[in-house]
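First up is the structure itself, then whatever we jot down about it.
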Amino acid sequence: MKPPWLAPPPGPFRPGFWRSPVRGPWLTGVLSLVLLVGFPVVAITGFVSYAAYNPGLSGGWTDLTPGKGFLGFYLFRWPTRPPWLYWLNQGVHVTGGLVLIPVLLTKLWSVLPRLFAWPPTGGSVAKAAERASLLLLVAATMFETVTGVTNIQYWYAWPGSFYQLHLYGGWVFLAALAVHVGVKTPGMVRGMRRRSLRRELRTGPDGTSAEPREASDLAPPNPAPATISRRGVLGLTAASGVTMLVVTAGQSLGGWTRHLAVLAPRGRPRGDGPNAFQINKTAEYAGVTPKMVGPDWELELDRLGEGVARRLSYSDLLALPQHTAELPIACVEGWSTGVQRWSGVRLADLARLAGAADAYSVLVESLQQGGAFGSAALARNQIRDPLALLALRVNGAELSPDHGYPARVIVPAAPGVHNTKWVSRMTFRMQELDEP
Ligand SMILES: Nc1nc2c(c(=O)[nH]1)N[C@H]1C(S)=C(S)[C@@H](COP(=O)(O)O)O[C@H]1N2
Ligand SMILES: [Mo]
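Once you know that position 373 of the sequence shown is 392 in my numbering, the rest is easy, because the numbers rise by one and skip nothing.
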């Protein structure tokens, strides 16, 4: 006899409360397998995105992440080829994360009774540790999903930078996932072996009965008659995932699929004409006025520590050799402008003009008045790539004010945030400096 204080309180804490006959080790196992394949893809592309965002420049020019030295152990110099590299990475990261949301929710539903398991500590130290790691995993997964979704939907209102919180959350997630996979994989395999997928996909609610309680505490001790089959649950989940795919993927795929991307704020086509592609921040938002980019606008080229090397007017820039690059802008938020035809001056030519042909890095600053992303640092390989331009024109026309008139950076394979608009100054740094 258990002492009375160990008896669960009424309601969801009593196993008999949970009666769905489809809940059980098989359904949980199938959903787990989908997440086991999907989550690592989303996590890896997320960590890779961080490497792209931070090109490993020391000195903290753009990256202010505290503790970067420790968590940044895997960072590598982000390449400039293939030009669609970041487009693909971020499309997979964001779209993959969104598509997995319905699978995650169904999986959480399938294990919901365990949230109410009694006693909450599990009754032993080992159980308590397992439950704590589970709580951490669920919390980290929710945190990554909520911060990610609010960020791409422009509702982001969390204290602290998205970039840091989502990265740290990612590490917590990865650690908790590793423990979970280690502990649960045998159970997942056993659960899936209990039933044949093919047979389940042919079984409707009439033929659906619960798995035996002895098999797992996920199965209900006192099952109700089935109102949905396992096939129905998996079908609804799959249909939700596919719907999510259809209403978001167009924001990165582009073309006609863009019309379907109703859940993507930067997904839809906008107007027509050479500049009619997605805009992130407008000139108005950045506080860039027509006066600031009028005839007096100049580009300043500096060498760090040595001051101004050159000043170039708009017509000076147009008089330099003009080059063309067909490149997309691919935002960290997962959307892309698709390939546009940019033309302007090579960053390598500007570096040479500044006497900085083999610069280690360059800090590109804009006319933006405050706010984030008004400047960005680029690494040597990005300066030197022949497709890396200070663009003056796009698709045969002058840049529009919102796309960065008079001049903006465009670098192959770089995350959108490095393609600084309304450029006013470029400071070349000749050597790698020590951390400040
Ligand atoms: N000065 C400045 N440049 C900027 C930004 C910004 O906010 N300010 N946003 C960046 C981001 S995050 C992206 S995705 C691209 C978007 O370029 P677009 O608005 O021309 O599509 O511009 C980049 N350049
Ligand atoms: Mo972006």
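Where a beta carbon is used, it is the ideal one built from N, C-alpha and C, also for glycine.
Please read all numbers here as calculations on a predicted model, not as lab measurements.
**OP:** Using 10 angstroms around the beta-carbon of Leu25, count the other beta-carbons present and answer buried if the total reaches 16, otherwise exposed.
**Re:** exposed
**OP:** Take Tyr424 and list the residues in its own chain whose beta-carbon comes closer than 7 Å to its own, dropping the five residues that flank it on each side.
**Re:** Val312, Glu417 and Leu418
**OP:** Reducing DSSP to helix, strand and coil, say where Ser228 ends up.
**Re:** Three-state DSSP puts Ser228 in coil, outside helix and strand.
Subject >> Which of helix, strand or coil DSSP assigns to Pro284 >> reply: coil
Original post:
By how many angstroms is the C-alpha of Val436 removed from the C-alpha of Tyr396?
Top reply: It is Ala, not Tyr, that sits at residue 396 in the sequence shown. Between the alpha carbons of Ala396 and Val436 lies a distance of about 10 Å.
Subject >> Alpha-carbon to alpha-carbon, Pro178 and Pro23 >> reply: If you take the alpha carbons of Pro23 and Pro178, they lie about 44 Å apart.
Original post:
If you draw a straight line from the C-alpha of Gly57 to the C-alpha of Ser355, how long is it?
Top reply: 22 Å
Subject >> 8 Å Cβ cutoff met for Pro31 and Pro240 >> reply: No, they are not a contact pair.
**OP:** Could you tell me how far apart the beta carbons of Val351 and Gln109 are, in whole angstroms, since I believe they sit closer than 8 Å?
**Re:** 6 Å
Original post:
Rounded to a whole number of angstroms, what is the C-alpha to C-alpha distance between Thr267 and Val61?
Top reply: Computed Cα separation, rounded: 16 Å.
Original post:
What are the boundary residues of the beta strand (DSSP E) that Pro347 is part of?
Top reply: His342 to Ala349
Original post:
Could you name the residues, in chain order, whose CB is less than 7 Å away from a heavy atom belonging to ligand 4?
Top reply: You won't find ligand 4 in this model; what it holds is ligand 1 and ligand 2.
Original post:
So Leu408 and Leu366 are in contact, right, with Cβ under 8 Å, and what is the actual spacing, rounded?
Top reply: Going by Cβ atoms, the distance from Leu408 to Leu366 rounds to 7 Å, so yes, they are a contact pair.
Original post:
Distance, Cα to Cα, Ala197 vs Arg217?
Top reply: 30 Å
Original post:
Where does His112 land, buried or exposed, given buried means 16+ other C-beta within 10 angstroms?
Top reply: buried
**OP:** Closer than 7 Å by C-beta to Ala378: which residues in its own chain qualify, once you throw out the five before and the five after it? Chain order, please.
**Re:** Ala370, Arg399, Ile402, Phe447, Arg448 and Met449
Subject >> Rounded Cβ spacing between Pro121 and Gly260 (contact assumed at less than 8 Å) >> reply: 5 Å
Original post:
Exposed or buried, which one is Glu230 when buried takes at least 16 other CB atoms within 10 Å?
Top reply: buried
Subject >> Selected residue, minimal CA-CA separation from Asn73, among Arg221, Leu382, Thr222 and Leu94 >> reply: Leu94
Original post:
Do the region 428-443 and the region 374-388 make contact, defined as three or more Cβ pairs closer than 8 Å?
Top reply: Segments in contact, yes.
**OP:** Name the two residues that bound the continuous beta strand (DSSP E) containing Trp361.
**Re:** Ser355 to Arg365
Original post:
Excluding five sequence neighbours on each side, which residues of the same chain lie with their C-beta closer than 6 Å to the C-beta of Thr84?
Top reply: Confidence in Thr84 is poor, its pLDDT being 46 and thus under 50, which makes the residue's placement too unreliable to answer from.
Original post:
In its own chain, which residues sit with a C-beta less than 7 Å from the C-beta of Pro284, not counting the 5 before and 5 after it?
Top reply: Cβ neighbours of Pro284 beyond the five flanking positions: Gln172 and Tyr173.
Original post:
Going straight from the alpha carbon of Pro98 to that of Val118, what length do you get?
Top reply: 28 Å
**OP:** Let me know if Glu219 comes out buried or exposed under the rule of 16 or more other beta-carbons within 10 Å of its beta-carbon.
**Re:** Per the 10 Å Cβ criterion, buried.
**OP:** Compare the beta carbon distance of Leu255 and Pro44 with 8 Å and say whether it is the shorter of the two.
**Re:** no
Subject >> ligand 1 heavy atom lying under 7 Å from the CB of Gln388 >> reply: no
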